[in-house]
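Novice:
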Amino acid sequence: MRARIMQDLGDTIFKLVCDRVTAEQWSEWLRAPLEHAAATANYELVSKLLRAGANGGASWRGCHDDKTLLHAAAEGGDALVVSLLQRAGAGADIEAKAPGTGHTPLHLAVLGGNATAAKALIMAVERM
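According to the UniProt record's numbering, the sequence shown holds residues 1 to 128 in order.
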């Protein structure tokens, strides 16, 4: 329902926001779409959002579950997304523990059966 109502307003809202937004605000606003793209293994969208100014850096916690971007990418299971976020600055979160469970991104990749994402995370730890 909301999507239908907002459908025709997307371009207008985007233009209004772009005209008056600071770089910091823009980066912050792109975090929710970046988190979603990482969690759904959407490499192309993650790449576009990072190029558009989304902050892929470490220490930011999720919109609704308090996990990091690497946690989201590990759950999404795409090794390319994991590697892209590491290069964008999220690598410092490789050992971050999710609230409640204490799972690291590697734990989530393994638990989800996402072998390629797990391998990318293991290789990143070895490079540290």
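Every residue, glycine too, gets a C-beta built ideally from N, C-alpha and C.
Because the structure is a prediction, the values reported are computed rather than measured.
#1: Relative to the alpha-carbon of Ala-92, which residue among Ala-117, Ala-124, Gly-76, Trp-26 has its alpha-carbon at the smallest distance?
#2: Specify the secondary structure class of His-103 as computed by DSSP and reduced to three states.
#3: Just to confirm my understanding: we take Lys-67, look at its own chain, exclude 5 residues before and 5 after, and list those with CB closer than 6 Å. What are they?
#4: When DSSP labels each residue in this structure, what does Thr-40 get in the three-state scheme?
#5: Does the distance from the CB of Gly-53 to the CB of Leu-30 come in under 8 Å?
#6: With DSSP as the reference, label Asp-91 as helix, strand or coil.
#7: Can you tell me which of the three DSSP states Ala-52 falls into?
#8: Count the other C-beta atoms from every protein chain shown that fall within 10 angstroms of the C-beta of Thr-104, then say buried if there are 16 or more, exposed otherwise.
#9: Going by other Cβ atoms of all chains shown within 10 Å of its Cβ, with 16 needed for buried, is Asp-8 buried or exposed?
#10: Rounding to the nearest angstrom, what Cα-Cα distance links Gly-113 and Ile-5 in this structure?
Specialist: According to the structure shown:
#1: Ala-124
#2: coil
#3: Ala-98
#4: coil
#5: yes
#6: The residue asked about is misnamed: residue 91 is Gly in this sequence, not Asp. Note: Gly-91 maps to helix in three-state DSSP.
#7: coil
#8: buried
#9: exposed
#10: 38 Å
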